[in-house]
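J.: Take the sequence shown: its letter number 51 is residue 99 in my numbering, and every next letter is one higher.
Sending over a structure as structure tokens; questions will come in a sec.
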Amino acid sequence: MRNTHRCPKCGETRLIYIPGKAGVYGTGNNIMTGMTIFSAVLVNRYVCNRCGYSEEWIDPSDLSQLKKKYEEV
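Put into structure tokens, the structure is as follows:
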């Protein structure tokens with residue numbers, strides 16, 4: 049959805065973008081990798097305006113931070 053600007057489920061082109069955010073106590077669209085707000089990896093969401101399908105995306109530059117904290121499966 050981020051790259052095609054189209055919903056893969058229904059083909060809709062009207063999408064809602066919800067930017068990642070890090071608030072107090074870890075609130076918002078993020079993954080905490082440490083004890084402070086500065087360690088938050090932001091998670092951006094794209095939601096289809098027709099069917100509600102959603103995707104979450106993380107900036108590739110933040111992947112190394114996640115790999116340090118969490119295991120690959």
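Here a beta-carbon is modelled for each residue, glycine too, at the ideal position from N, C-alpha and C.
According to DSSP, which residues form a beta bridge with A88?
T.: By one-based count along the sequence shown, residue 88 stands at place 40. M80.
J.: If we count Cβ pairs, one from each stretch, closer than 8 Å, do we get three or more for the stretch 85-93 versus the stretch 58-73?
T.: Enough Cβ pairs lie closer than 8 Å, so yes.
J.: Could you tell me the alpha carbon to alpha carbon distance between I66 and N92, rounded to whole angstroms?
T.: Translated into positions along the sequence shown, residue 66 becomes position 18. Translated into positions along the sequence shown, residue 92 becomes position 44. Approximately 6 Å, taken between the alpha carbons.
J.: Grab the span of the beta strand (DSSP E) containing S102 for me, first residue to last.
T.: Taking the first residue of the sequence shown as position 1, residue 102 is located at position 54. S102 -> beta strand (DSSP E) spans 102-105.
J.: The beta strand (DSSP E) with Y65 in it runs from where to where?
T.: By one-based count along the sequence shown, residue 65 stands at place 17. Residues 63-66.
J.: With DSSP collapsed to three states, give me the class of Y94.
T.: As a first step, residue 94 must be located in the sequence shown, where it is residue number 46. If DSSP states are grouped into helix, strand and coil, Y94 belongs with the strands.
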